[in-house]
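A short write-up of the structure that comes next.
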Amino acid sequence: MPNNERSLTTYDSALLTQIAAHVCQAIIAIQQQQPELLLEKYRKVQWQSNSNQSALSAKFTALLSQTQGWEDLLQKLQLYLKAIVITEAFNSPILLELITKIRQLNPVTSAFNGSLHSTFAPSLQPVGIAVLLLDAENLQINSSTEKFFTTICNFPIQVKIAFANWSNRGKLDAELHERGYDLIHVPAGRDNADGKMIAFGSSIHERYPNAKEVLVCSSDKVMTNLCNNLQQHGLIVYQVSQHGENINLFNSSTGETKTHCVKPLPEIPSLLQILKALINDEKESTGNQWVKVSKVFQLLNTKHKINMSQVITTHLPGKKPKDIFTRYPSDFVVHKVDDSSDFYVTVFDKNLIEVVDDKAENTLNNHNGLIRSIDSPPDLEKALNKILEILIKESANGYVDVSILGSKFNREYGISITKQLKELQISGSYIRFLQSCSSFQLRQQGVKWEISASNSSNSQSNFLSSINSQADLESALKKILEELTKNYPTKYIDISILGTKFNQEHGKTITEQIKELKINTTYMKFLQSCSSLQLKQTDRKWEVAIR
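The letter at position 304 of the sequence shown is residue 304 when you use the UniProt record's numbering, and the numbering goes up by one with no holes.
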């Protein structure tokens, strides 16, 4: 084992306790400042309590005492932290500062810096870092932009150097110094900062041998030569420039450009109001009640210069852009026609729901026939049907928006339809389930789906005919398909839905019916043999339509 890599079991317990204490303080800081970076089950833990801190400290002390060498300790520490925080947390200033503090506690490094001979240097194993070079006379970077940089870089930004004539920069030098920048002063005069930055930057690989990435922050095109030079030395180079209110970060290795808006991002409450206004304006201009989620984000970018991905990275790290809608169900309703379609969104119409509630709430609460326990797909169908009966009484045309039905179900049972489907292990979407239910009939109005009670007498007369031959079975399946696809734009239906519908109408599975008819085949092969039907495979599922 190298001299500088002795076992950590030989370190005194006070050092390990100090490291564990830093970890505890970092966890507390994350909970106070960015609780979303903690795994959900740890967000409500009282980390500030002495008992929890002692337990966490003891746990980390015990785990870290088994590591071999300082770099092993850092790797294991990050591995153990992954059990508490989400992956995105490792780009946060809190954890980056934690790792830096712990590196500074390395007794071997301290001894080396103080008195050890330089022959120990080759045995050290430096971890990669990123270096930021800033032409402060050409470009201004705020702390928000720096935070954006940390989400792009693969290594922590541990060296930040700004170049300018600081005598005419006001308080900028003090501000940058507080943010950890080293300041290099240049004489007054045009391009002096450029020249100094290029000269300094050209030797980055010599000054910082463990540098892996360099951010060259200047809108001046003269920096292109510096970027090319750094890239030739094997460094990943990001060329940072400003265009209007946007900061562009160009990765010269991949040719990819990331954009960050300098304008402060709105807080969530303000953003929700902006999104509502955009959705309502789009609904009014198109006449459609539902708007594509991607269209909303496009309007947000073009009209307000707000990039939704940046908002999510800042306010909801680890989430997807569309989660801004699902996270606030009292403000928005998200809808998907089928598994392969886009997501649509509309503003939650509280007034409409309240009108329905005023007329139907007492009826629902006192309705003796309401299903109290939902343990199977038929139970779910019955529960929805009971709610639908009440809603239809207040509907002018006998149809109800499926989102209102879903909202009422959520209020009555305390669980969303989507989650209920998953708990019952029902595959497919909410719409697909409704289509498979004999109690309902659906129609599509633009991108909106509406639901009504099915005409049971017509259904019975259509479907309860006897099946005595292969031709009868094909005819029965065709009639079911006609009913299912009446208001369905693609005309293709998942074969599992067709099978479920057949079972509901005839009291037996298709496989059982095939056996009764003594047809030596499978359900799939029978469908393929039907001249009036055609099949196609989408991903791993099969869909059927009428020829």
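Where a beta carbon is used, it is the ideal one built from N, C-alpha and C, also for glycine.
Hey, residue i and residue j are a contact pair by Cβ (cut 8 Å); roughly how many whole angstroms apart?
| i | j | result |
| --- | --- | --- |
| residue 558 | aspartate 375 | The structure shown does not extend to residue 558, since the chain is modelled only from 1 to 547, so the question has no answer here. |
| leucine 380 | leucine 405 | No, leucine 380 and leucine 405 are not in contact; Cβ-Cβ is about 12 Å, not under 8 Å. |
| phenylalanine 60 | alanine 20 | 4 Å |
| valine 216 | glycine 234 | At roughly 16 Å, the Cβ-Cβ gap does not stay under 8 Å, so valine 216 and glycine 234 are not in contact. |
| asparagine 248 | threonine 259 | 6 Å |
| proline 377 | isoleucine 312 | Not really, about 35 Å apart at Cβ, beyond 8 Å. |
| isoleucine 279 | threonine 346 | 6 Å |
| leucine 96 | glutamine 18 | That pair is no contact at about 19 Å. |
From which residue to which residue does the beta strand (DSSP E) around residue i run?
| i | result |
| --- | --- |
| alanine 136 | Segment: none, alanine 136 is in no beta strand (DSSP E) and carries neither H nor E. |
| isoleucine 184 | 182-185 |
| tyrosine 208 | Premise fails: tyrosine 208 is in no beta strand (DSSP E) and is neither H nor E. |
| leucine 257 | Here residue 257 is threonine; the residue named in the question, leucine, does not match the sequence. That run of the beta strand (DSSP E) goes 256-261. |
| isoleucine 247 | 246-251 |
| tryptophan 166 | Per DSSP, tryptophan 166 belongs to no beta strand (DSSP E) and is neither H nor E. |
| valine 240 | 236-243 |
| lysine 82 | Here lysine 82 belongs to no beta strand (DSSP E), and DSSP marks it neither H nor E. |
| alanine 545 | 541-546 |
| serine 452 | 448-453 |
Tell me where the alpha helix (DSSP H) around residue i begins and ends.
| i | result |
| --- | --- |
| phenylalanine 409 | 402-413 |
| glutamine 537 | Not the alpha helix (DSSP H): glutamine 537 falls in the beta strand (DSSP E), residues 533-538. |
| isoleucine 390 | 377-393 |
| phenylalanine 526 | 523-529 |
| valine 347 | From DSSP, valine 347 is part of no alpha helix (DSSP H) but of the beta strand (DSSP E) over 343-347. |
| tyrosine 267 | According to the sequence shown, residue 267 is glutamate rather than tyrosine. Element bounds for glutamate 267: n/a, residue is neither H nor E. |
| lysine 196 | 192-201 |
| serine 466 | Premise fails: serine 466 is in no alpha helix (DSSP H) and is neither H nor E. |
| leucine 477 | 470-484 |
| residue 574 | Only positions 1 to 547 of the chain appear in this structure, which leaves residue 574 out of reach. |
For residue i, I'd like the list of residues in its chain whose CB is within less than 8 Å of its CB, leaving aside the five on either flank, ordered along the chain.
| i | result |
| --- | --- |
| threonine 509 | Gly499, Phe502 and Asn503 |
| alanine 188 | Asn165, Ser167 and Asn168 |
| glutamate 267 | His315 |
| glutamate 512 | none |
| glutamine 33 | Ile94 |
| glutamine 528 | Leu535 |
| leucine 81 | Val23, Ala89, Phe90 and Leu95 |
| tryptophan 47 | Cys24, Ile27, Ile28, Gln31, Gln53 and Leu56 |
| residue 584 | For the chain, the structure presents residues 1 to 547; residue 584 sits outside this window and is missing. |
Using 9 Å as the threshold, is the C-beta distance between residue i and residue j below it?
| i | j | result |
| --- | --- | --- |
| cysteine 153 | glutamate 71 | no |
| isoleucine 157 | alanine 199 | no |
| leucine 271 | isoleucine 306 | yes |
| alanine 453 | glutamate 412 | no |
| lysine 491 | isoleucine 546 | yes |
| glutamine 242 | leucine 139 | yes |
| leucine 15 | isoleucine 86 | no |
| asparagine 142 | valine 240 | no |
| isoleucine 27 | isoleucine 84 | yes |
| arginine 327 | tyrosine 399 | no |
| tryptophan 542 | isoleucine 467 | no |
| serine 92 | isoleucine 30 | yes |
| phenylalanine 163 | tyrosine 238 | no |
| phenylalanine 440 | asparagine 385 | yes |
| serine 438 | proline 264 | no |
| alanine 476 | histidine 506 | yes |
| residue 548 | isoleucine 102 | The structure shown does not extend to residue 548, since the chain spans only 1 to 547, so no value can be given for it. |
| glutamate 146 | arginine 179 | yes |
| glutamate 284 | leucine 299 | no |
| valine 402 | leucine 424 | no |
| tyrosine 181 | isoleucine 204 | no |
Ignore the nearest five residues each way along the sequence and tell me which others in residue i's own chain have a CB closer than 7 Å to its CB.
| i | result |
| --- | --- |
| phenylalanine 297 | Met308 and Pro321 |
| glutamate 474 | Cys530 and Ser532 |
| histidine 22 | Leu98, Lys101 and Ile102 |
For residue i, which residues of its own chain have a beta-carbon under 6 Å away from its beta-carbon, when the five flanking residues on both sides are left out?
| i | result |
| --- | --- |
| leucine 352 | Only weak support is given to the placement of leucine 352: the predicted model assigns it a pLDDT of 47, under 50, and the question is left unresolved by the model. |
| lysine 536 | Glu543 |
| leucine 230 | Val214 and Val237 |
| cysteine 227 | Val216, Val237, Gln239 and Ser252 |
| asparagine 362 | Its pLDDT being 48, under 50, asparagine 362 is placed unreliably in this model, and the value from its coordinates should be taken loosely. If we look at asparagine 362 and ignore the five residues flanking it on each side, it has no Cβ neighbours. |
| proline 35 | Arg43 |
| threonine 538 | none |
| lysine 76 | Thr67 |
Does residue i have its Cβ less than 9 Å from a Cβ in chain C?
| i | result |
| --- | --- |
| leucine 105 | Absence of chain C from the displayed structure is noted, only one protein chain being present. |
Q.
Pairs of beta-carbons, one from the region 209-227 and one from the region 134-144, closer than 8 Å: are there three or more?
A. Between the region 209-227 and the region 134-144, the count of C-beta pairs closer than 8 Å reaches three or more; the two stretches touch.
Q. Pairing CB atoms from the region 171-182 with CB atoms from the region 193-203, are three or more of them under 8 Å?
A. Below 8 Å, too few C-beta pairs join the region 171-182 and the region 193-203 to call them touching: fewer than three.
Q. Does the region 418-436 come close enough to the region 309-322 that 3 or more CB-CB pairs lie under 8 Å?
A. Touching, no.
Q) Using 8 Å as the threshold, is the region 413-421 in touch with the region 477-486, meaning 3 or more CB pairs across them? A) Result no; under three Cβ-Cβ pairs closer than 8 Å.
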